[in-house]
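I have placed the structure first, in the form of structure tokens, so that the comments after it can refer back to it.
Residue numbers (our numbering): 1 to 538.
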């Protein structure tokens, strides 16, 4: 994981570019390098060393005239080296180098050969290609300045005040000056009519296990974010099993307002069950409020859900990084894939349910993936997400919607995911966790967090300000005092209209209360209520 900055076009001051790149030095605290190509284009890289700690410096030069910068991980890099790239002589052991080698071998047509999470730019003379991974796990922005130079960067900070217009680079696409944007990721599941495969529980278990195995690739210590919810608990359990095979012990991390927070209690049970080296972090509401300004600068969003959930993740990430751990597994994506949010219970039809899962997966890069990346990378920590593995998505997203809907199983959300890992002879999790009701992260750290945060924001925004919000913020006009407060901070750091337009608000469907908290849904109940396993068999 790193921060990249590329400027296509001549005449940009090298000293200024170094300063711009340093605005995201938090993404790569280990090394910093800048290259001006023979044609005057610039590539800059802030490195977090995870694979090939000694020879993996970037930019990386190909055999002839191509140079590359990359943010992310290519999980099949060894397979590529041993297979279609076996005739290439590699200069490093870095997973990143396969990108420039694939470009040399196949030209523009190589992104579907990559299995990983990535954002990259390759410059070859005056030609170039930029690309982003299928779901947008790694962030990428692009822009154009007054002189026509094209910018690419991992965050808005280096380019917002340099470009007259800029935007989010679309996931699953690449861009070249000859082709424009090309969508290379076209999975079958994007057509809701193709969600017709029979349920295969062993396949769900096998593909998620393999997705987790890939993401244990590292030359540095790895931990897991363990909220105590189903998704993080499953990835923790799988990772613990895989590491145990190698004689290694897993470090797990949870956070809450106090030891009695719903997630903290559940995470403690899971950690004890799995035998992890568990670390529990606490924060206060006041501490959370104090870092909101800094947090929004890091997040580059004013989305209410993202700010609420990123605050505990920000504190947790700092504690993890302070212990010397650089990589964590996280559970983002499962709720979108399986319709796990409580509002999915209210879907009017199976078709609507399936369409919503597709849309939520496609838009993850605007919300949970943005939060996961930027709140961790604020402290030089990389988050990896097994639930968004391509092979796992191919298996899970094409299961018929009826098999996923909670109403099929007496209202139990994500039933088939739970059932896939319900193995009594060799259990992955305690029953009370495996069958625990959905608790959104910002709620699970302690209900007082959101309640008191809303109250605080109400003291910072007047009725008159909210009534006239549309004048100051005509795009995505805030409708609550909490939203107005976050927007005002965002506007202070990123006043450009292009910046505001990169944000997409997430509002749950099919329920009267439009607050994004899971507690706004009538189906929610306290996490410590006894939950019985539903009497449904497959």
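No residue lacks a Cβ here, since even glycine has one placed at the ideal position from N, Cα and C.
Residue i, buried or exposed, once every other Cβ within 10 Å from all chains shown has been counted against 16
{"i": "residue 262", "result": "buried"}
{"i": "residue 492", "result": "exposed"}
{"i": "residue 484", "result": "buried"}
{"i": "residue 272", "result": "exposed"}
{"i": "residue 2", "result": "buried"}
{"i": "residue 536", "result": "Legend: pLDDT at residue 536 = 32, less than 50; position of this residue unreliable, value from coordinates given subsequently. Its Cβ having fewer than 16 others within 10 Å, residue 536 is exposed."}
{"i": "residue 386", "result": "buried"}
{"i": "residue 475", "result": "exposed"}
{"i": "residue 286", "result": "exposed"}
{"i": "residue 16", "result": "exposed"}
{"i": "residue 207", "result": "buried"}
{"i": "residue 472", "result": "exposed"}
{"i": "residue 259", "result": "exposed"}
{"i": "residue 246", "result": "exposed"}
{"i": "residue 461", "result": "buried"}
{"i": "residue 123", "result": "buried"}
{"i": "residue 72", "result": "buried"}
{"i": "residue 290", "result": "exposed"}
{"i": "residue 442", "result": "Annotation note: pLDDT 47 at residue 442 (below 50); position unreliable, coordinate value reported separately. Per the 10 Å Cβ criterion, buried."}
{"i": "residue 95", "result": "buried"}
{"i": "residue 147", "result": "exposed"}
{"i": "residue 406", "result": "buried"}
Closest Cα partner of residue i within the set the options
{"i": "residue 93", "options": "75, 279, 425", "result": "75"}
{"i": "residue 156", "options": "133, 211, 299, 314", "result": "299"}
{"i": "residue 83", "options": "67, 114, 185", "result": "114"}
{"i": "residue 179", "options": "310, 162, 107, 60", "result": "107"}
{"i": "residue 134", "options": "509, 394, 505, 407", "result": "394"}
{"i": "residue 344", "options": "358, 331, 332", "result": "358"}
{"i": "residue 391", "options": "4, 151, 203, 136", "result": "203"}
{"i": "residue 195", "options": "499, 408, 470, 404", "result": "404"}
{"i": "residue 275", "options": "294, 236, 295, 127", "result": "236"}
{"i": "residue 377", "options": "436, 254, 314", "result": "314"}
{"i": "residue 30", "options": "429, 320, 57", "result": "57"}
{"i": "residue 240", "options": "375, 302, 212", "result": "212"}
{"i": "residue 142", "options": "466, 294, 8", "result": "8"}
{"i": "residue 255", "options": "229, 243, 482, 470", "result": "229"}
{"i": "residue 132", "options": "161, 159, 99", "result": "99"}
{"i": "residue 500", "options": "184, 511, 478", "result": "478"}
{"i": "residue 130", "options": "67, 147, 468, 146", "result": "67"}
{"i": "residue 449", "options": "423, 284, 380", "result": "284"}
{"i": "residue 234", "options": "176, 433, 105, 406", "result": "433"}
{"i": "residue 331", "options": "252, 77, 292", "result": "252"}
{"i": "residue 382", "options": "355, 22, 320", "result": "320"}
{"i": "residue 400", "options": "495, 197, 336", "result": "197"}
{"i": "residue 408", "options": "347, 214, 370", "result": "347"}
{"i": "residue 429", "options": "257, 232, 511, 161", "result": "232"}
{"i": "residue 337", "options": "308, 417, 242", "result": "417"}
Bridge partner(s) assigned by DSSP for residue i
{"i": "residue 197", "result": "399"}
{"i": "residue 46", "result": "3, 32"}
{"i": "residue 27", "result": "DSSP lists no partner for residue 27."}
{"i": "residue 167", "result": "142"}
{"i": "residue 128", "result": "123"}
{"i": "residue 224", "result": "252, 329"}
{"i": "residue 176", "result": "180"}
{"i": "residue 8", "result": "150"}
{"i": "residue 117", "result": "73"}
{"i": "residue 97", "result": "Answer is none; residue 97 lacks a bridge partner."}
{"i": "residue 383", "result": "328"}
Contact test: residue i Cβ vs the ligand PLP heavy atom, cutoff 7 Å
{"i": "residue 246", "result": "The ligand PLP is absent from the structure shown, which contains no ligand whatsoever."}
(message) In chain order, what are the residue ranges of uninterrupted beta strand (DSSP E) at least 3 long that sit wholly in the segment 226-263?
(response) 251-256
(request) Decide yes or no for the touch test of the segment 317-330 against the segment 208-220: beta carbon pairs closer than 8 Å, at least 3 of them. (result) yes
(message) So, does the segment 166-177 touch the segment 27-39, judging by three or more C-beta pairs under 8 Å?
(response) no
(message) At 3 residues or longer, what runs of the beta strand (DSSP E) sit wholly inside the segment 54-82?
(response) 66-74
(request) Enumerate, from N- to C-terminal direction, the unbroken alpha helix (DSSP H) stretches of 4 or more residues contained entirely within the segment 303-356. (result) 304-322, 334-338
(message) Which runs of the beta strand (DSSP E) at least 3 residues long sit entirely within the segment 264-304? Give them in chain order.
(response) 277-282
(request) Give, in chain order, every unbroken run of the beta strand (DSSP E) that is at least 3 residues long and sits entirely within the segment 453-482. (result) none
(message) Is it the case that the segment 501-512 contacts the segment 362-371, given that we only count it when at least three CB pairs across the two stretches are under 8 Å?
(response) yes
(request) With a floor of 4 residues, list each alpha helix (DSSP H) that falls wholly inside the segment 354-380, ordered by position along the chain. (result) 368-377
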